[in-house]
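The structure under discussion appears below in the form of structure tokens.
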Amino acid sequence: MGLTKNILLWASANRWMKEHLPRYRFVRHAVTRFMPGETLQSALEAVVGLQKEGFSTVLTYLGENVTTLDEAKAVRDHYLAVLDAVHKGAHPTEISLKLTQLGLDLDPAPTRAYMEEILEAAHALGKFVWIDIESSSYVDRTLEIYSTLRKRYPHVGLCLQSYLYRTGDDVASLLPLQPSIRLVKGAYREPESVAYPKKEDVDRNYITLAERLMTELPSRIMKIGIATHDKSITGHIKTIARRLGISPDRFEFQMLYGIGRQAQRQLAQEGYHVRVLISYGSAWFPWYMRRLAERPANVWFVAKSLFVR
Ligand code: FDA
């Protein structure tokens, strides 16, 4: 892993930086490239704009590692309000959340209970819910909660990371549940003991896992989100889909708001389903550092915004 990437991922987990850096106007200005704003209203406006361009969306309220159950309850209440708002607006929007945002660091029992309340509400409104995957120390607990929830709710999906050596085994253990999987490369700082250190291995594993998931459609995999901006990988996926006779409406590409706009349009024009993940909220610092780390050249945009207003 490059030095800049390493420093940015270290910064993403640094409490002092999280509290202090967002106070600087140029940092706040730079983050607008990746999010439409801090409020739900700004995210909903982005939903409408993207919908007009033919994109589906998924909303995520930024925040992770809450330190009290009251904070976790507030997050649950927020997501219940989001479900209500997207239902009232008739938006084809899903939601995506982190279990540490619902208290996983404190106690898995209320986390699961809050998830159940969210899934009950989503079910009643016909909405789909994704569970993000966080750093490797949370994977066992996240899989355990996902497996319990999936037995009761069909409309819940889980994100898995191709940089982890274990993910092939995790896919195998989840298949009997007929899961929905969003596949990503992985965004956290992980040791070589758990994750491939080289990009080419992460990419190769991504393609292997994606093909495995696509092969299991629809009997043992319900829904697949190919979540990447990597053009080489999206090219491979299209080829695999053609070879397996999987039509474009049986899976979707997912990308982040503000990243790969041209690629998003191109895929949509080719008839693929593209879903854009829109993040919003004031707790954006760790998430933003991970976005910078994905492409260290992004740091230049931050530097430039010191001078350009
Ligand atoms: P890669 O990093 O190789 O990038 C490929 C190309 O895309 C780059 O060369 C660049 O052109 C462009 N690009 C990628 N990131 C960019 C950025 N930040 N700024 C500008 N250009 C960029 N991770 C995780 O661990 N848990 C999760 O739950 C999720 N959830 C999730 C949902 C969705 C919808 C997406 C798209 C991604 C995630 N991720 C995630 C993040 C994921 O793990 C990964 O870090 C990023 O998607 C970047 O990896 P790529 O697959 O795009 O490839």
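Under the numbering used here, the residue at position 219 of the sequence shown is numbered 219, and the numbers go up by one with no gaps.
From the three backbone atoms N, C-alpha and C, an ideal C-beta is built for every residue, glycine too.
If you're wondering where the values come from, they're calculated on a predicted model, not measured in any experiment.
**When D105, S136, R220 and I181 are compared against G157, the one with the closest alpha-carbon** = I181
**Request:** Give the DSSP-derived three-state secondary structure of Q178 in the structure shown.
**Result:** coil
**Request:** Might you give, ordered along the chain, the residues of its own chain that have their beta carbon closer than 6 Å to the beta carbon of V86, omitting 5 neighbours on each side?
**Result:** T93
**A72 versus C159 - alpha carbon distance** = 20 Å
**Asked** P176: buried (16+ other C-beta within 10 angstroms of its C-beta) or exposed?
**Response** exposed
**Item:** Counted within 10 angstroms of its Cβ, other Cβ atoms place L143 as buried (16 or more) or exposed
**Value:** buried
**Message:** For M35, report the span of its beta strand (DSSP E) as first-last.
**Reply:** Element bounds for M35: n/a, residue is neither H nor E.
**Message:** Among K231, I118 and R189, whose alpha-carbon lies nearest the alpha-carbon of S136?
**Reply:** R189
**Message:** Do I118 and Y79 have their beta-carbon atoms positioned less than 8 Å apart in this structure?
**Reply:** yes
**Asked** According to DSSP, is S288 helix, strand or coil?
**Response** Reading the sequence as shown, one finds Tyr at residue 288 and not Ser. Here Y288 sits in helix by DSSP.
**Request:** Compute the Euclidean distance between the alpha carbons of D170 and S12, then round it to the nearest angstrom.
**Result:** 26 Å
**Request:** Determine the extent of the alpha helix (DSSP H) in which E64 is found, giving its start and end residues.
**Result:** First-last for E64: undefined, no H or E at that position.
**R332 versus G2: straight-line alpha-carbon distance, rounded** = An answer regarding residue 332 cannot be provided, because it is not within the stretch 1 to 309 covered by the chain.
**Asked** Can you find at least 3 beta carbon pairs, one from the region 21-30 and one from the region 255-266, that sit closer than 8 Å?
**Response** no
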